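Novice: The structure's right below; bear with me while I get my questions together.
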Ligand SMILES: [Fe+2]
Ligand SMILES: [Fe+2]
Ligand SMILES: [Fe+2]
Ligand SMILES: [Fe+2]
Ligand SMILES: [Fe+2]
Ligand SMILES: [Fe+2]
Ligand SMILES: [Fe+2]
Ligand SMILES: [Fe+2]
């Protein structure tokens with residue numbers, strides 16, 4: 014099983030960047046499954062709309078994960094129940110609309126994608142450790158399992174990855190919008206990367222127009238943030254898993270920007 | 014000017030790892046200056062002692078930066094004033110012992126190393142943006158300037174790097190203990206990396222024994238953390254700067270662990 | 014049913030203050046039940062010991078509640094299971110030692126005391142709203158029910174009180190160590206006070222020696238806090254409940270200090 | 014000097030409540046000066062408009078203080094410079110529009126009103142301790158000095174009050190919207206109250222419609238908050254100061270609601 018996972022798609026420029034490179038990445042890598050985090054894909058960089066989810070899924074994405082910005086566009090409540098390939102963090106409280114994991118059937122087997130959120134410096138959701146224990150009981154052994162771990166701190170991300178080592182195929186972090194360089198296969202076979210990074214503007218702050226964010230830090234006054242313009246970047250990870258054990262065999266980070274062009 | 018900077022040295026295993034590789038790295042890279050972050054170098058992973066600072070400086074380190082754990086070993090107050098190559102975050106309040114920046118003379122010129130802390134999810138120190146503005150006014154144009162930006166969030170780190178782009182040689186982040194993969198030279202010539210990563214245990218959580226950290230997340234009870242044992246890792250960045258402009262010419266991340274051996 | 018509840022007992026001076034006034038308060042008020050929050054009753058103002066819990070229960074206290082400092086003295090794990098009148102926050106994760114609520118039999122009927130913690134600016138425990146829903150299902154209608162709501166923000170405390178209005182006899186807040194002046198009976202009969210205040214030093218900061226706390230704010234450096242000395246204060250609330258409905262009939266705040274002497 | 018200070022005016026109902034009681038309170042108490050916190054006086058409970066500031070000042074208010082919600086209505090930037098009786102927290106960074114303190118001339122002398130914000134669980138503004146030191150150097154000894162201390166935690170509020178004891182006439186807290194019962198005159202003569210409480214709805218959560226706030230706690234989803242309707246409350250403090258020493262002589266809390274009617 015070969016899986017391509019891309020980080021948080023930020024705004025229209027993020028969607029444009031995805032479309033620009035996805036076909037070529039697919040040609041080069043032949044992934045069986047493409048996962049993207051869509052929590053920032055709306056025009057203002059917050060949330061996702063039905064149109065955008067349709068656009069991403071139509072462009073070759075197989076599964077869309079979300080995060081703390083999942084609910085920023087209120088229309089999400091209109092389609093999150095019916096859109097079976099859109100996954101919101103599983104540890105929102107009981108009764109939350111939508112699903113916390115989804116199983117995608119590929120020509121190389123079934124893969125269950127779980128979205129999970131950390132709690133440190135974020136909302137007090139259900140315990141992510143106990144939540145994933147419960148979910149894993151429901152997933153057949155024959156599935157590959159990918160966890161999008163949407164969290165702020167490296168501490169919580171590493172802890173959860175060690176906690177499920179050997180029980181899932183990979184734990185890939187999102188939320189910080191900066192790719193980390195610590196990809197590894199943990200001793201029991203789980204692939205891990207603290208953060209996969211983002212897709213969108215290259216010259217902003219997490220994809221947002223930088224002068225506004227700097228002004229906010231300097232003045233401590235309310236400042237309206239907009240998605241940055243100009244040059245773009247794409248960050249992701251390409252993973253290969255063993256068809257018998259469902260464990261990780263190889264992890265390859267992907268970084269494309271003006272300083273690091275895609276070489277096919 | 015060639016500079017090697019290594020991230021947070023964690024515990025005795027971090028110091029051992031540094032000693033194990035530093036000589037060979039120096040042979041390979043011939044840096045004019047070696048900077049390490051020492052905020053976790055004490056035996057329990059918190060703070061630094063006089064003996065350890067002497068040990069690091071004696072082993073070939075030219076400058077030690079600190080961070081939020083700077084004061085964890087109370088004996089730091091006994092030597093921070095006199096130890097001219099140990100730098101604590103510059104934006105602690107007026108009256109804080111020690112210095113926020115230090116100038117090191119090398120055979121290739123003078124380099125001023127500034128330590129600065131972010132405030133998001135950390136203590137309410139002085140504004141790091143205004144603090145660095147004031148410091149930069151005091152530094153001669155002939156100096157290279159390296160900023161160790163000790164901060165939690167990618168947002169604050171990127172914002173500050175953009176803010177000083179063209180005014181310093183490089184901004185290199187520390188504190189998360191995970192190396193990021195976003196090294197770049199900003200448009201006005203400042204080198205940037207969100208986090209340089211740590212030096213110490215490879216199989217812990219930020220260098221601490223993982224079972225204890227996981228237990229803390231699971232139980233929410235007090236748990237005593239100790240530095241992990243076993244395999245080690247070393248993360249750093251090697252930078253080259255232009256002798257005329259003092260701007261960055263080349264950034265090369267360094268990652269050494271059992272999965273990524275040092276190849277000389 | 015008449016209940017006297019006193020807030021966080023801070024250090025030895027807090028225990029001394031309690032002993033000094035309790036007999037006289039009992040004589041004046043004839044409570045059927047005395048509840049105190051003991052999370053700060055250890056000598057250093059953090060946690061509780063077996064000896065202290067025995068001392069408090071021997072001095073006329075019927076039930077001891079705890080809070081975020083419950084676990085600060087590690088010996089608490091030795092007696093929290095067997096000490097049936099000591100209650101720790103009920104929304105710690107499954108598997109936490111001790112009990113989250115306890116039923117005390119008095120000559121005027123049975124009273125169940127529930128300890129619950131808020132999550133805003135505190136640890137990410139289980140949802141306090143859902144936790145109390147579950148607990149209330151287990152308590153017979155014939156019981157009086159008192160909730161010690163240990164939380165930081167007025168918002169979370171008011172919200173939870175409204176949420177259980179009519180389902181418990183009273184919700185009394187603790188943790189801020191400052192008594193609030195908003196005692197009231199909510200429309201469905203639940204008595205409410207945002208915070209009952211503390212018992213201990215009158216001239217400290219939340220009971221701790223003030224110069225140290227001020228120095229911590231000023232320097233942002235680690236400072237060792239000790240329980241303040243000198244004059245003392247006692248804060249509490251006296252409540253009367255209807256024997257049929259178990260609802261609140263009357264709430265009377267108690268404040269005793271040098272400026273507000275106890276007048277019998 | 015006699016001063017009446019009322020806490021955060023919340024929404025239209027808060028303004029209505031103020032108008033309803035202010036004339037009678039003035040008749041009863043004959044204050045020389047009336048201060049209100051206006052940070053929540055806009056229709057949606059966030060910020061203040063020019064029209065509302067004019068309305069409050071026209072209705073007999075002499076000085077309006079603000080807090081963390083100061084900037085929620087963007088039109089505030091149009092009048093905060095020219096409106097000399099509107100005071101925003103003094104420890105916003107250098108360059109912030111408006112003033113951090115204002116001197117009001119009354120028939121009983123001049124009173125300087127200072128607005129100051131805490132930093133714990135709030136934004137990283139300038140140090141409030143150092144900020145007030147600087148302000149106090151500029152104020153003539155002949156002035157009465159009232160500090161509106163807008164902060165979240167009781168710890169920071171008590172610390173700052175002790176810090177300025179004897180140097181200002183009174184420190185009165187705002188922001189939590191719940192009146193505390195700890196009014197006192199500190200040993201060096203400064204009057205103190207941790208929080209003065211709010212003016213507005215009696216049956217909400219901090220003045221906002223309670224079902225929405227509860228739903229937010231329960232679901233962790235975005236919920237739109239509106240100012241509550243129905244019954245109202247007014248909280249304040251009446252203070253008398255010595256004309257020679259400018260120190261506090263008497264503090265009397267005011268609480269008016271359906272359960273505590275105004276008795277003239
Ligand atoms: Fe994101
Ligand atoms: Fe996010
Ligand atoms: Fe560190
Ligand atoms: Fe750190
Ligand atoms: Fe307490
Ligand atoms: Fe507490
Ligand atoms: Fe307010
Ligand atoms: Fe406020």
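Protein chains in written order, with our numbering: chain C, 14 to 277; chain G, 14 to 277; chain L, 14 to 277; chain P, 14 to 277. Ideal placement from N, C-alpha and C gives every residue a C-beta, glycine not left out. Remember, predicted model here, so these are calculated numbers, not experimental data.
Nearest chain L C-beta to residue 138 of chain G closer than 8 Å, yes or no?
Specialist: Working through the second chain from its first residue, we reach residue 138 of chain G at position 125. Yes, residue 138 of chain G counts as interfacial toward chain L.
Novice: Who's in the neighbourhood of ligand 4, going by beta-carbon under 5 Å from any heavy atom, listed in chain order?
Specialist: G/80, G/81, G/188
Novice: Hey, out of P/179, P/48, P/189, P/173, whose CA is closest to residue 165 of chain P's CA?
Specialist: By one-based count along the fourth chain, residue 165 of chain P stands at place 152. From the listed residues P/179, P/48, P/189, P/173, the smallest Cα separation to residue 165 of chain P is found for P/189.
Novice: Are at least three pairs of beta-carbons, each pair with one atom in the segment 260 to 275 of chain C and one in the segment 34 to 46 of chain C, less than 8 Å apart?
Specialist: yes
Novice: Under 8 Å, Cβ to Cβ, is there at least one residue of chain C near residue 16 of chain G?
Specialist: Reading the second chain from its first residue, position 3 is the one you call residue 16 of chain G. So no, residue 16 of chain G is outside the interface.
Novice: Return the residue from the list C/172, C/63, C/155, C/159 that minimises the CA-CA distance to residue 140 of chain C.
Specialist: Within the first chain, residue 140 of chain C is the residue found at index 127, counting from 1. Residue 140 of chain C has its Cα closest to that of C/172, out of C/172, C/63, C/155, C/159.
Novice: Note down, one range per segment and in chain order, each alpha helix (DSSP H) of at least 4 residues found wholly within the segment 133 to 172 of chain G.
Specialist: 141 to 151
Novice: At the 8 Å Cβ level, is residue 132 of chain L part of the contact set with chain C, yes or no?
Specialist: Within the third chain, residue 132 of chain L is the residue found at index 119, counting from 1. Yes, residue 132 of chain L counts as interfacial toward chain C.
Novice: To which residues does DSSP link residue 257 of chain L through a beta bridge?
Specialist: Here residue 257 of chain L refers to the residue found at position 244 when the third chain is read from its first residue. DSSP, once it has assigned bridges, lists no residue as partnering residue 257 of chain L.
Novice: Taking the beta carbon of residue 201 of chain G as the centre, do at least 16 other beta carbons fall within 10 Å, making it buried, or is it exposed?
Specialist: Residue 201 of chain G sits at position 188 when you count from the first residue of the second chain. It counts as exposed.
Novice: Can you give me the C-alpha to C-alpha distance between residue 88 of chain C and residue 245 of chain P, rounded to a whole angstrom?
Specialist: Residue 88 of chain C sits at position 75 when you count from the first residue of the first chain. Residue 245 of chain P sits at position 232 when you count from the first residue of the fourth chain. Distance between the alpha carbons of residue 88 of chain C and residue 245 of chain P is about 35 Å.
Novice: Against chain C, does residue 62 of chain P count as a neighbour if the rule is that its beta carbon must be under 8 Å from one of theirs?
Specialist: Taking the fourth chain and counting its residues from 1, one reaches residue 62 of chain P at position 49. So no, residue 62 of chain P is outside the interface.
Novice: Can you tell me where the alpha helix (DSSP H) holding residue 66 of chain C begins and where it ends?
Specialist: In the first chain, counting from the first residue as 1, residue 66 of chain C sits at position 53. Where residue 66 of chain C is concerned, the enclosing alpha helix (DSSP H) stretches over 63 to 71.
Novice: Name the chain C residues whose beta carbon is nearer than 8 Å to that of residue 214 of chain L?
Specialist: Locating residue 214 of chain L in the third chain gives position 201, counting from the first residue. Within 8 Å Cβ-Cβ: nothing; residue 214 of chain L doesn't reach chain C, min ~32 Å.
Novice: Along the segment 203 to 236 of chain P, where does the CB come closer than 8 Å to a CB of chain C? Name the residues.
Specialist: 231, 232, 233, 234, 235
Novice: Using 7 Å as the cut-off, classify the Cβ of residue 53 of chain G as near or not near the heavy atoms of ligand 3, replying yes or no.
Specialist: By 1-based counting over the second chain, the position of residue 53 of chain G is 40. Flag set: Cβ of residue 53 of chain G near ligand 3.
Novice: When Cβ atoms are compared, which residues of the segment 85 to 119 of chain L fall closer than 9 Å to chain C?
Specialist: 106, 107
Novice: Which of helix, strand or coil does DSSP assign to residue 227 of chain C?
Specialist: As a first step, residue 227 of chain C must be located in the first chain, where it is residue number 214. Three-state DSSP puts residue 227 of chain C in a helix.
Novice: Checking 8 Å against the spacing of the C-beta atoms, do residue 50 of chain L and residue 144 of chain L come in under that value?
Specialist: Within the third chain, residue 50 of chain L is the residue found at index 37, counting from 1. Within the third chain, residue 144 of chain L is the residue found at index 131, counting from 1. No, Cβ-Cβ distance for residue 50 of chain L and residue 144 of chain L is not below 8 Å.
Novice: In terms of alpha-carbon separation, which member of L/228, L/256, L/243 lies closest to residue 236 of chain L?
Specialist: In the third chain, counting from the first residue as 1, residue 236 of chain L sits at position 223. Checked all of L/228, L/256, L/243; the closest Cα to residue 236 of chain L is L/228.
Novice: For residue 97 of chain P, which option in P/122, P/213, P/110, P/31 has the closest C-alpha, if you only look at C-alpha atoms?
Specialist: On the fourth chain, position 84 is the one that residue 97 of chain P refers to. Ranking the options by Cα distance to residue 97 of chain P, first place goes to P/110.
Novice: What residue does the alpha helix (DSSP H) around residue 42 of chain P start on, and which one ends it?
Specialist: Residue 42 of chain P sits at position 29 when you count from the first residue of the fourth chain. Start and end: 24 to 42.
Novice: Looking only at its own chain, which residues have a Cβ that is under 6 Å from the Cβ of residue 259 of chain G, when we skip the five neighbours before and after it?
Specialist: What you label residue 259 of chain G is simply residue 246 of the second chain in a count that begins at 1. Contacts found: 157, 182.
Novice: Look up residue 251 of chain G in the DSSP assignment and say whether it is helix, strand or coil.
Specialist: Counting from one through the second chain, the residue named residue 251 of chain G turns up at place 238. Residue 251 of chain G falls in the strand class under three-state DSSP.
Novice: Under 7 Å: does the beta carbon of residue 163 of chain C sit that close to some heavy atom of ligand 2?
Specialist: Mapped onto the first chain, residue 163 of chain C falls at position 150. Yes; taking the cut-off as 7 Å, the Cβ of residue 163 of chain C has a heavy atom of ligand 2 nearer than that.
Novice: Compute every distance between the C-beta of residue 21 of chain G and the non-hydrogen atoms of ligand 3, then say whether any falls below 7 Å.
Specialist: Position 8 of the second chain holds residue 21 of chain G. Answer for residue 21 of chain G: yes, Cβ within range of ligand 3.
Novice: Within a Cβ cutoff of 7 Å, which residues of the same chain sit near residue 184 of chain L, ignoring the five residues on either side of it in sequence?
Specialist: Here residue 184 of chain L is taken as the residue at index 171 of the third chain, counted from 1. For residue 184 of chain L, where only same-chain residues beyond five positions count, the Cβ hits under 7 Å are 160, 162, 173, 174, 177, 203, 205.
Novice: May I have the straight-line CA-CA distance separating residue 216 of chain L from residue 47 of chain G, to the nearest angstrom?
Specialist: By one-based count along the third chain, residue 216 of chain L stands at place 203. By one-based count along the second chain, residue 47 of chain G stands at place 34. Answer to the nearest angstrom: the Cα atoms are 51 Å apart.
Novice: Mind pulling the chain P residues with CB within less than 7 Å of residue 157 of chain L?
Specialist: Walking along the third chain from the start, residue 157 of chain L turns up at place 144. Ordered by position in chain P, no residue passes the 7 Å Cβ test against residue 157 of chain L, which lies about 22 Å from the chain.
Novice: Going by the C-beta, is residue 190 of chain C closer than 7 Å to any heavy atom of ligand 1?
Specialist: Counting from one through the first chain, the residue named residue 190 of chain C turns up at place 177. At a cut-off of 7 Å, the beta-carbon of residue 190 of chain C counts as near ligand 1: some heavy atom of the ligand is closer than that.
Novice: Assuming residue 241 of chain P and residue 214 of chain P form a contact by the criterion Cβ under 8 Å, report the distance between their Cβ atoms to the nearest whole angstrom.
Specialist: As a first step, residue 241 of chain P is located in the fourth chain; it is residue number 228 there, counting from the start. As a first step, residue 214 of chain P is located in the fourth chain; it is residue number 201 there, counting from the start. Correct: roughly 4 Å between the Cβ atoms.
Novice: What are the partner residues of residue 101 of chain P, as DSSP defines its beta bridges?
Specialist: In the fourth chain, residue 101 of chain P corresponds to position 88, counting from 1. DSSP, once it has assigned bridges, lists no residue as partnering residue 101 of chain P.
Novice: Leaving aside the five residues before and after residue 78 of chain G along the sequence, list all residues of the same chain whose C-beta is less than 6 Å from its C-beta, in chain order.
Specialist: The residue labelled residue 78 of chain G in the question sits at position 65 within the second chain. The answer, listed in chain order, is 50, 100, 128, 161.
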